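Novice: One structure coming up, written as structure tokens, with questions to follow.
Protein chains in written order, with the working numbering: chain A, 1 to 562; chain B, 563 to 973.
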């Protein structure tokens, strides 16, 4: 197949000289690590925030130790030294390379690139069309290998892309960006970073070679580990930096009083969690007692009347508890509303009558259309004076005797009693199609013999549905219920657009936990407390996930969905 | 379900089934139909009762039809006046008129030419004012009336019979409406943000969304292919542990990451920049699984043959595995596209200075269509523009998408 690896065409450095150079490079690294460690500990408190300082110190120590080990091992030609050197150099290359891009403004430059793209949107679209064309032509080529036409079509596509690219560059006018890069690259810090990136990159490349592996006597399994990590590294680095790291950080922050801006950061232990979850129940003589019957710092959440005795339930964070109440109501209504239609419709769609694929596609569309657009549309439908919902109810009232429309159009979104219900409608409308498709997958695992047997026994449609379909889809139903619940628990976008007069309104009737979190973190500037809310919410969601995990484990043995 | 049986009962069930399916389809499609038609309406048209699915404009006819030169003239009807049937062209909106009120019914207004009516010489006292009494023509009969005011109004010519004309106040006539989509909604909403031209700056947001989506999808494809290949094909130390961690990560809801990611963006100065929407989302555990599952399904012999041939692993991956994995990549690209295009919460958090140059579509739409929204027609034009690409992508990539949405969770 001619897949022989061509290898680098660069002039080959003798292995011994190269290894010595790499070792020397590692010694430079040790020196640099010690210097940066000293610099970090010397600098005053105001120069660097404590967390960053700690981070720099730990990082410097790690760099120093890694370089030291690599240098020593490389000199002594130890078997493991190549691995250590490779990992150290590779990570250094990634860090310095990212730092270089950062200094050159490549990351924040993406925003500026947007400006260029905006100016050159037309040639850009031509490029996209050209690439799609090439792709389609390629598909034709793959299907008809003997046809002479498509190859020419494909070339024409590439020609179009090339022309449009030239047009794009002219229209986007990148001169400003280039001159900015030219300005920045001459700064000493940038040049230093560039040098580090080049050296560590060259060292990685050299050490990676097979003959160097032979030189160090690297074992096959070690070679495997290295190449496995190399393939995984872009993913793993991103995963650690943008997922695992932040996750741990979030847990840490939740034990702090942590303001976004300013220096108000102090360890408060589990105070944030206590504040979020504290409730106080006290009895009172009057029916609608105020905050004064509760402990200080608590506000009235609700009034209860148990066996003639008035009780007042209070919470420290009333809004959060209200949001928990709202989301519970929402869950109880929205989950069945988006799962039950899916169960019924999927049973019909699974019947392979003509046209089923069309219906399946139609039902799926709301879940891909984008929640903001969907919410905007429903906002107009729910409009009290000229909205379609009220109009259709009115018209239905003219035809159907049991529909009794109100004289005035009902204000769905600004009424306390129907605001959350409206969100339920939108949520169910958006998600039932997706659930239908999930159910359709479940239908595929129902043995056809069951239906044939029922057919012979003369069972009617309802009996088949009730006695075969529903029980056989038990595991799918569980899965669908759980995923929909997890989705519902994180309700935010729909409320953000539809609730009125402010997010979560009217009168907190549609406040959700995620909304409460957002407001605490980004409007109330209390990120420590908001992190604690996030973890409380996570634990609730995790309960659902865990239940699903358990079910899947059980289902695996009892012939569940495969 | 078993609906294959024959006979009248089975036919009945089949009909009921289709009726149910169609009703649900209508419920799904109707809001989109409202969105599309609203996006072509004039703003005043949206807030009329009863709601309608037809975008309308005021009717006009060429001036030549009523024997005039110049611009097209607007058309009106008089639904309350049986004596004025059909459509009437307003040829002069500034004719000098006089309003007369008959003495026997002071509530009624007779609109006539300013020179109409003959003074009888008598006077009458209305609200303490002494007024002359006129003899005026009221649809063929002469009535006594006083002239309540001089005003300007419309001269209407019958469209059916241009020789007939009447004078009346313009607001006594109803503008005739006809089908007329307003395409300017789209150009206005796309135009650069500018209160004077009514531009809403959605064009820039659209560009940004396109940029973000393309880069996120590319990033996800590359990192997922590499990671998926490592998990599927390379035996390395710690693989199962790392894989387990990846698996667990899917359980973490994004809400937990919002605050620390926000802090991270502050530290690297990426706040309010498109890069904050791209780089953190170029890595996906889900995509990595998808690719891993697919690579696991490719027979190992293909790879071993190439290895024996002396090819390196990366050559095998890009030249052998990736071409075979096209369906999985298409699935991943579709998911990535829909996710990046529709994402809202994170842009809301991180692109928060209100600078329109950094906003993405979902964000601009939410501000535009928010509580203080005024130009509903433009909002809907923007909504339609935002919804079309994901729906098209879904329809074209349905094969990959629907099958894998189902298998993603049920494995």
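In this text, a Cβ means the ideal position worked out from N, Cα and C, and glycines have one as well.
Source: prediction; values computed, not measured.
Let's test the definition: count the other Cβ atoms within 10 Å of the Cβ of residue 822 of chain B and tell me whether it reaches 16, buried, or not, exposed.
Specialist: Classification of residue 822 of chain B: buried, given that the 10 Å Cβ count is 16 or more.
Novice: What are the partner residues of residue 709 of chain B, as DSSP defines its beta bridges?
Specialist: Per DSSP, B:662.
Novice: Check whether the Cβ atoms of residue 375 of chain A and residue 498 of chain A sit closer than 8 Å, and answer yes or no.
Specialist: Their beta carbons are under 8 Å apart, which means residue 375 of chain A touches residue 498 of chain A by this criterion.
Novice: Taking Cβ to Cβ, would you say residue 274 of chain A is nearer than 8 Å to residue 255 of chain A?
Specialist: No, the Cβ-Cβ distance between residue 274 of chain A and residue 255 of chain A is not below 8 Å.
Novice: Beta carbons nearer than 8 Å to chain A: which residues of the region 601-633 of chain B have them?
Specialist: Against chain A - using a Cβ distance shorter than 8 Å - the residues of the region 601-633 of chain B are 608, 609, 610, 611, 612, 613.
Novice: Taking its Cβ as the centre, do 16 or more other Cβ atoms sit within 10 Å of residue 127 of chain A, making it buried, or is it exposed?
Specialist: Its Cβ being crowded by 16 or more others within 10 Å, residue 127 of chain A is buried.
Novice: On the three-state DSSP scale, how would you describe residue 835 of chain B?
Specialist: DSSP places residue 835 of chain B in coil when its eight states are reduced to three.
Novice: Do you know offhand how far residue 750 of chain B's Cα is from residue 377 of chain A's?
Specialist: The straight-line gap from Cα to Cα measures roughly 19 Å.
Novice: So within the region 514-547 of chain A, which uninterrupted beta strand (DSSP E) runs reach at least 3 residues, ignoring any that extend past its ends?
Specialist: Listed in chain order, nothing qualifies, since the region 514-547 of chain A has no complete beta strand (DSSP E) run of 3 or more residues.
Novice: Under 8 Å: do the region 530-543 of chain A and the region 511-519 of chain A share three or more Cβ pairs, one atom per stretch?
Specialist: Because the criterion of three Cβ pairs below 8 Å is met, the region 530-543 of chain A and the region 511-519 of chain A touch.
Novice: Just the chain B side, please: which residues come within less than 8 Å of residue 239 of chain A by C-beta, in chain order?
Specialist: Per Cβ cutoff of 8 Å: 808, 811, 845, 847.
Novice: Using 8 Å as the threshold, is the region 396-407 of chain A in touch with the region 348-356 of chain A, meaning 3 or more CB pairs across them?
Specialist: No, because fewer than three Cβ pairs between the region 396-407 of chain A and the region 348-356 of chain A fall closer than 8 Å, the two stretches do not touch.
Novice: Assuming residue 488 of chain A contacts residue 330 of chain A under a Cβ cut-off of 8 Å, what Cβ separation, rounded to an integer in Å, is found between them?
Specialist: Between residue 330 of chain A and residue 488 of chain A the Cβ distance is about 6 Å, and since that is below 8 Å, they are a contact.
Novice: Sorted by chain position, which residues of the same chain lie with C-beta nearer than 6 Å to residue 381 of chain A's C-beta, five sequence neighbours on each side aside?
Specialist: Excluding sequence neighbours, residue 381 of chain A sits near 387, 388, 389.
Novice: For residue 453 of chain A, return the contacting residues in chain B, with the cut-off set at a CB-CB distance below 9 Å.
Specialist: Residues of chain B passing the Cβ test: none, with the nearest at roughly 10 Å.
Novice: For the 8 Å Cβ check, are there 3 or more pairs between the region 206-226 of chain A and the region 99-114 of chain A?
Specialist: The region 206-226 of chain A vs the region 99-114 of chain A: no contact.
Novice: On the CB-based measure, 16 or more other CB atoms within 10 Å of its CB, does residue 145 of chain A come out buried or exposed?
Specialist: At residue 145 of chain A the pLDDT is 47, less than 50, meaning the model places this residue with poor confidence and gives no usable figure here.
Novice: Could you tell me which residues DSSP pairs with residue 761 of chain B in its beta bridges?
Specialist: Paired residues: B:756.
Novice: Quick one: what's residue 306 of chain A bridged to in DSSP?
Specialist: Answer is A:309.
Novice: Between A:270, A:411, A:347, A:224, which has its C-alpha nearest residue 528 of chain A's C-alpha?
Specialist: Checked all of A:270, A:411, A:347, A:224; the closest Cα to residue 528 of chain A is A:270.
Novice: Would you say the region 711-726 of chain B touches the region 651-664 of chain B, given that touching needs at least three Cβ pairs under 8 Å?
Specialist: Because the criterion of three Cβ pairs below 8 Å is met, the region 711-726 of chain B and the region 651-664 of chain B touch.
Novice: Using a Cβ-Cβ cut-off of 8 Å, state whether residue 527 of chain A counts as contacting chain B.
Specialist: Output row for residue 527 of chain A: interface = yes.
Novice: Compute the Euclidean distance between the alpha carbons of residue 346 of chain A and residue 931 of chain B, then round it to the nearest angstrom.
Specialist: Near 34 Å, if we compare the C-alpha coordinates of residue 931 of chain B and residue 346 of chain A.
Novice: Say whether chain B places a C-beta atom closer than 8 Å to the C-beta of residue 384 of chain A.
Specialist: No, residue 384 of chain A does not count as interfacial toward chain B.
Novice: Since residue 651 of chain B sits in a beta bridge, which residues does DSSP pair it with?
Specialist: Looking at the DSSP assignment, residue 651 of chain B forms a beta bridge with B:637, B:719.
Novice: Would residue 286 of chain A be called buried (16 or more neighbouring beta carbons within 10 Å of its own) or exposed?
Specialist: Under this definition residue 286 of chain A is an exposed residue.
Novice: Hey, is residue 471 of chain A's beta-carbon within less than 8 Å of any beta-carbon in chain B?
Specialist: Taking Cβ atoms only, chain B never reaches closer than 8 Å to residue 471 of chain A, which makes this a no.
Novice: Does the beta-carbon of residue 756 of chain B have 16 or more other beta-carbons within 10 angstroms, so that it is buried, or is it exposed?
Specialist: Residue 756 of chain B is exposed by the Cβ-count criterion.
Novice: Quick check on the burial criterion: 16 or more other C-beta atoms within 10 angstroms. Buried or exposed for residue 880 of chain B?
Specialist: Answer is exposed; the Cβ neighbour count stays below 16.
Novice: Of the residues B:635, B:843, B:746, B:829, which one's Cα is nearest the Cα of residue 242 of chain A?
Specialist: It is B:843.
Novice: For residue 705 of chain B versus residue 674 of chain B, is the C-beta spacing smaller than 8 Å?
Specialist: Not closer than 8 Å, so no.
Novice: Report the neighbours of residue 224 of chain A on chain B: residues whose CB is nearer than 9 Å to its CB, in chain order.
Specialist: Those within 9 Å of residue 224 of chain A in chain B are 796, 797, 798, 799.
Novice: Quick one: what's got a C-beta closer than 6 Å to residue 409 of chain A's C-beta in the same chain, skipping five residues either side?
Specialist: Contacts found: 384, 385, 390.
Novice: Flag this pair as yes or no: are the beta carbons of residue 89 of chain A and residue 204 of chain A separated by less than 8 Å?
Specialist: Result yes, Cβ atoms of residue 89 of chain A and residue 204 of chain A sit closer than 8 Å.
Novice: Alpha carbon to alpha carbon, what distance is there between residue 624 of chain B and residue 660 of chain B?
Specialist: About 29 Å.
Novice: Specify the secondary structure class of residue 283 of chain A as computed by DSSP and reduced to three states.
Specialist: Three-state DSSP puts residue 283 of chain A in a strand.
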